[in-house]
Structure formats: structure tokens, C-alpha cells
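Inspection log for the structure reproduced underneath, given as C-alpha cells.
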Amino acid sequence: MKHLVLAVLFGVMLTSAAVGGTLKTLSPGAQAPAFTLTDVAGNTHTLGDYGQQKAVVVMFISTRCPVSNAYNERMVQLHHDYTAKGVAFLGINASQRESVAEIKGHAAQHGFPFPVLKDVDNVIADAYGAQVTPQIYLIDPAGLVRYQGRIDNSRNPQSIKSQDLRAALDAVLTGNTVPTPSTKAFGCAINRAKRSS
Amino acid sequence: MAQRTLFAAVLAVAVLSSGAHLCAASAEAGHVTAIDEHQIPKIVAEARGNVVVVNFWATWCVSCVKEFPAFLEVRKVFAPQGLVLVFVSIDEMTSLDKAVKPFLRKMQVDFETYIKDTPHDDAFINTVSEQWSGALPATFIYTKQGVMAHSLIAEQSFEDIATRIAPLLKE
């Protein structure tokens, strides 16, 4: 019995360590990991599919996180404002609690004009070191991460003082240095797959 | 007769004392202190000599609300052995009276807790840990010497926390 308890406790520690604070997010300047993921309509997308774009915005989002949901309209507006400028937007849902059917309904409900891809077992979230929703990675045509972090500084639209993603997009599109290439914000931890090691 | 009077007096004092204690506890229930990024290291430093568990939570964070009772249970079991539990709410200050305090009252939290009161989220997060993205729930466990021993960025159970703090309490 004692051995069983110890084994369970050890298992708990390993599991928590795997989802704990050791995950490091990609730093600006790093090569964005390639991926092949399927969207909620069943279409396959690779990062390479968007190689001709002037920039790709990868957004780790959630259907249930109140912070992520606070940004639904802003993500739609960003897509509206930057698609014509050659920017592609991709939503990625890596939460193990959120099914493809739920993600599909959520995307339709909020009128997402961008594809939302399902990251089964959060393999791509791990590769990017994405920990929170929403979390953004802005990738340039060379495949380099030019910005990672929040969309702006406040989930409350009335309190926005720093349009971080827009500033980064404008910089990349005009060939300038991104003013603040890495930011942080409070959000929901991505609910990850339990791993035994 | 004198004995009965004395007993009644003792009883009255006991009841009054008890009432005063209850009033004090009631007044403290849900007391929340606003802090910025500079206060976090001070709070941990002031508890040095104890194992310190700092839990960052928010009323909008479903996992935080779910794990909250586990932390209260951990405090109940391990506080006598030298554990200090620090709750820090990440809710907006505008939610303090309408969401944070009612939740703390519901959870019967009768000790001091904290709420973030700074627009500088980056600085606040980095002050706690450069490796922390800001994802909630987040729990950081410090040794008696004030060194961070564990950073847990996920929902925790009583067992998750207990297995980590038990060895630290014995150090």
C-alpha cells in the first residue's frame, strides 16, 4: 500500500513537472517550428503554406478562457485590418479540454474569418513554448519569430494603452525593428495533455 | 450564591471575549491588500523561516477557483508546521468588491490576502519569475531560506502541493 501511494505521488510529481514552469517560450529571433495541423473544417495547414505572406500571426486561443474570449472581436478586427496588407492569421487551439466540435461552434459563433487549427496533445504548443491563452507569435517571411506575447496590454478594451501586436506588425511590414519584441500578460494556462515523463 | 455569581461572571467574560474574537475574525474575513510588483519579494522575505506558497489566482480563472479549496486545506494541515500561504488575486481592482471579496468570504478566508494593483503586468510577472508567462493558475513554492523551489503552472490538487512542501518543511 505504501509503495502504491509513493508511486502515485511520484507520478503526480512527474505529471506536474511536465506541465510546470520549465517550458520556455520561443524568443524573438528564433526559427518558428514547422507544423502540419488540421482546422475545424478538416483542411490541413502547414506553416510553409503561408511562406509567401509578408507575415504570419499564430494565435494560441481557447474557447473557454475568459481572457482569450475578451479578445475575440479584436482578433477579428486585426484580421480585417491586416489581411489586405499580406498578413495571414492562424488560430491554434491546444487545450485538451476543448473538442474540435466545440472549437468549430465557437469559431462560427464569433465569426472568426481565420482558420482555427486543433493541436492534438499540444505538440505544437510545446514546440513554441506557448503557455497561456491568448499568446501570439508573429513570424516573418524568413520563418523567424519577430514578436511573441500579448495582443495588447488589457483585456478591457477601454484600458488599452499599448497596442503591442499592431506595433509589431507595422514594424515588420515596414522593415523596421519591432519596438517591444516580447511581452507578457495574464491569461489562462493551456490545459495540456498529461505525460508520464 | 457567591460561587454562582462568580461562575456567571466568568461565563459572561468568556461569552464577551468569544464575541469579540468572532467580531475580529468577521472584520478580517475577505480583507485584501493591494500590492504592486515591488511588494511580492517583501512578502516572501517577511515570511522567511517558513515554507511559503504563493498562489496567483483570479475569479475569472476556472482552474484557480477549482483548486482554491485544496490550498486552504494545505494551509490548515501544514501551517502549524511552518507553512505560510499567500493568495494574490490577479483580478482587476474594479472587481475587488463585486467579485474578489465575495469569493473570499464564500471560501471563509479569514487571513490577509492580496490583489495586484499595477498596470505593469510584465514587471509584476517578471518580478515573480522570468520564466513565468503570466498563465494562471500559477503557484510558486519557496524554501525556508526564501529560495524558489517549485513553479507550478497548472491546476494543483492537495497531493500535488503536499508532496512538494512536506520535504521542505523538514529541512
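Chains as they are written, first to last, in this note's numbering: chain A, 2 to 198; chain B, 607 to 777.
Think of the CB as a built atom: it goes at the ideal place given N, C-alpha and C, for glycine as much as any other residue.
| Is there at least one Cβ from chain B nearer than 8 Å to G176(A)'s Cβ? | By 1-based counting over the first sequence, the position of residue 176(A) is 175. No, no contact with chain B.
| field | Local conformation of R147(A) per DSSP, three classes | value | Position 146 of the first sequence holds residue 147(A). Strand at R147(A).
| Counted within 10 angstroms of its Cβ, other Cβ atoms place D703(B) as buried (16 or more) or exposed | Position 97 of the second sequence, counted from the start, is the residue given in the question as residue 703(B). Exposed: under 16 other Cβ atoms inside 10 Å.
| task | Go ahead and label Q53(A) buried or exposed: buried means 16 or more other beta carbons lie within 10 angstroms of its beta carbon, across all protein chains shown. | result | Start at 1 with the first residue of the first sequence, and residue 53(A) comes out as number 52. With fewer than 16 Cβ atoms within 10 Å of its Cβ, Q53(A) is classed as exposed.
| query | Can you find a C-beta in chain A that's less than 8 Å from the C-beta of G752(B)? | reply | The residue you call residue 752(B) lines up with position 146 of the second sequence. By this cut-off, G752(B) is not an interface position.
| said: Looking at chain B, is there any beta carbon in it that lies within less than 8 Å of the beta carbon of N123(A)? | reply: Start at 1 with the first residue of the first sequence, and residue 123(A) comes out as number 122. It does not: the Cβ of N123(A) has no partner Cβ on chain B nearer than 8 Å.
| task | Give the interface partners of V133(A) over in chain B, defined as CB-CB distance under 9 Å, in chain order. | result | Translated into the one-based positions of the first sequence, residue 133(A) becomes position 132. S739, G740, A741, L742 and I759, listed in chain order.
| field | Three-state class that DSSP yields for F187(A) in the structure shown | value | The sequence position of residue 187(A) within the first sequence is 186, counting from 1. Looking at F187(A) - three-state DSSP - the assignment turns out to be coil, as it is neither helix nor strand.
| said: Please identify, using Cβ separations under 8 Å, the residues of the region 687-708 of chain B that lie next to chain A, in order along the chain. | reply: I696 and E698
| query | For D642(B) and chain A, any beta-carbon pair shorter than 8 Å? | reply | Numbered from 1 along the second sequence, position 36 holds the residue referred to as residue 642(B). Not one chain A Cβ lies under 8 Å of D642(B).
| query | In chain order, what residues of the same chain lie with their CB nearer than 6 Å to the CB of F90(A), ignoring the 5 residues before and after it? | reply | In the first sequence, residue 90(A) corresponds to position 89, counting from 1. Once the five neighbours on either side are set aside, the close Cβ partners of F90(A) are V58, H80 and F115.
| How many whole angstroms separate the CB atoms of V650(B) and V659(B), which I take to be in contact at a CB cut-off of 8 Å? | Locating residue 650(B) in the second sequence gives position 44, where the first residue counts as 1. Locating residue 659(B) in the second sequence gives position 53, where the first residue counts as 1. At roughly 10 Å, the Cβ-Cβ gap does not stay under 8 Å, so V650(B) and V659(B) are not in contact.
| query | Can a CB atom of chain B be found closer than 8 Å to the CB of F187(A)? | reply | For this step, residue 187(A) is matched to residue 186 along the first sequence. It does; some Cβ of chain B falls within 8 Å.
| Where the beta strand (DSSP E) through S155(A) begins and ends | Here the question's residue 155(A) lines up with position 154 in the first sequence. Segment: none, S155(A) is in no beta strand (DSSP E) and carries neither H nor E.
| What does V133(A) pair with, by DSSP beta-bridge criteria? | For the purposes of this step, residue 133(A) is taken as residue 132 along the first sequence, with counting starting at 1. Beta-bridge pairing links V133(A) to A190(A).
| task | Count the other C-beta atoms from every protein chain shown that fall within 10 angstroms of the C-beta of T719(B), then say buried if there are 16 or more, exposed otherwise. | result | Counting from 1 along the second sequence, the entry for residue 719(B) is found at position 113. Buried: at least 16 other Cβ atoms inside 10 Å.
| request: Alpha carbon to alpha carbon, how far is G130(A) from L139(A)? Give it in angstroms, no decimals. | output: Position 138 of the first sequence, counting from 1, holds the residue named residue 139(A). Position 129 of the first sequence, counting from 1, holds the residue named residue 130(A). The straight-line gap from Cα to Cα measures roughly 14 Å.
| query | How about the region 108-126 of chain A and the region 93-100 of chain A: do they share at least three Cβ pairs that are nearer than 8 Å? | reply | yes
| request: Keeping to the same chain, check which residues put their C-beta closer than 7 Å to that of I646(B); ignore five residues upstream and five downstream. | output: In the second sequence, the residue the question calls residue 646(B) occupies position 40. Contacts found: T733 and V734.
| field | Those residues which DSSP pairs with S701(B) across a bridge | value | Looking up residue 701(B) in the second sequence gives position 95. S701(B) pairs with nothing; no bridge assigned.
| Along the region 710-736 of chain B, what residues have a CB closer than 8 Å to any CB found in chain A? | P725, D727, D728, I731, N732 and S735
| request: Using beta-carbon positions only, say whether S669(B) and P743(B) come within less than 8 Å of one another. | output: Within the second sequence, the letter at position 63 stands for residue 669(B). Within the second sequence, the letter at position 137 stands for residue 743(B). In contact: S669(B) and P743(B) (Cβ atoms closer than 8 Å).
| In this structure, does DSSP put S96(A) in helix, strand or coil? | Numbered from 1 along the first sequence, position 95 holds the residue referred to as residue 96(A). If DSSP states are grouped into helix, strand and coil, S96(A) belongs with coil.
| message | The alpha helix (DSSP H) that contains A733(B), what's its start and end? | response | Here the question's residue 733(B) lines up with position 127 in the second sequence. In the sequence under discussion, the amino acid at residue 733(B) is Thr, which differs from the Ala named in the question. Looking at the DSSP string, the run of the alpha helix (DSSP H) that includes T733(B) is D727 to V734.
| field | Contacting residues, own chain, Cβ-Cβ under 7 Å from D723(B) (five flanking each side not counted) | value | For the purposes of this step, residue 723(B) is identified with residue 117 of the second sequence, where counting begins at 1. Within the same chain, D723(B) has close Cβ partners A640, I641, D642 and M699.
| said: Tell me the rounded alpha-carbon separation between C189(A) and Q159(A). | reply: The residue you call residue 189(A) lines up with position 188 of the first sequence. The residue you call residue 159(A) lines up with position 158 of the first sequence. Rounded to the nearest angstrom, the two C-alpha atoms are 21 Å apart.
| said: If you reduce the DSSP assignment to three classes, tell me which class A633(B) lands in. | reply: On the second sequence, position 27 is the one that residue 633(B) refers to. The pLDDT assigned to A633(B) is 42, lower than 50, so where the model puts this residue is not dependable, and the model offers no usable value.
| query | What's the gap between the Cα of V133(A) and the Cα of L48(A)? | reply | By one-based count along the first sequence, residue 133(A) stands at place 132. By one-based count along the first sequence, residue 48(A) stands at place 47. Cα to Cα, the separation comes out at about 21 Å.
| said: According to DSSP, simplified to helix, strand and coil, what is Y72(A)? | reply: The count along the first sequence starts at 1 and reaches residue 72(A) at position 71. Y72(A): coil per DSSP, three-state reduction.
| message | For chain A, check one thing: does any of its Cβ atoms lie closer than 8 Å to the Cβ of L666(B)? | response | Looking up residue 666(B) in the second sequence gives position 60. Before going further, note that residue 666(B) is Trp rather than Leu in the sequence given. Yes, W666(B) counts as interfacial toward chain A.
| Would the beta-carbon of V77(A) fall within 8 Å of that of K55(A)? | For the purposes of this step, residue 77(A) is taken as residue 76 along the first sequence, with counting starting at 1. For the purposes of this step, residue 55(A) is taken as residue 54 along the first sequence, with counting starting at 1. No; because the gap between Cβ atoms is not below 8 Å, this pair is not in contact.
| request: Buried or exposed for T64(A), please, with buried defined as at least 16 other CB atoms from any protein chain shown within 10 angstroms of its CB. | output: In the first sequence, counting from the first residue as 1, residue 64(A) sits at position 63. T64(A) is buried by the Cβ-count criterion.
| said: Measuring straight from C-alpha to C-alpha, what distance separates E74(A) and H111(A)? | reply: By 1-based counting over the first sequence, the position of residue 74(A) is 73. By 1-based counting over the first sequence, the position of residue 111(A) is 110. Straight-line Cα distance between these residues: approximately 8 Å.
| At what residues does the alpha helix (DSSP H) containing I641(B) begin and finish? | By one-based count along the second sequence, residue 641(B) stands at place 35. It is not in any alpha helix (DSSP H) - I641(B) instead sits in the beta strand (DSSP E) that spans V638 to I641.
| message | Does any residue of chain A have a CB that is nearer than 8 Å to the CB of I771(B)? | response | Stepping through the second sequence from its first residue, residue 771(B) is reached at position 165. By this cut-off, I771(B) is not an interface position.
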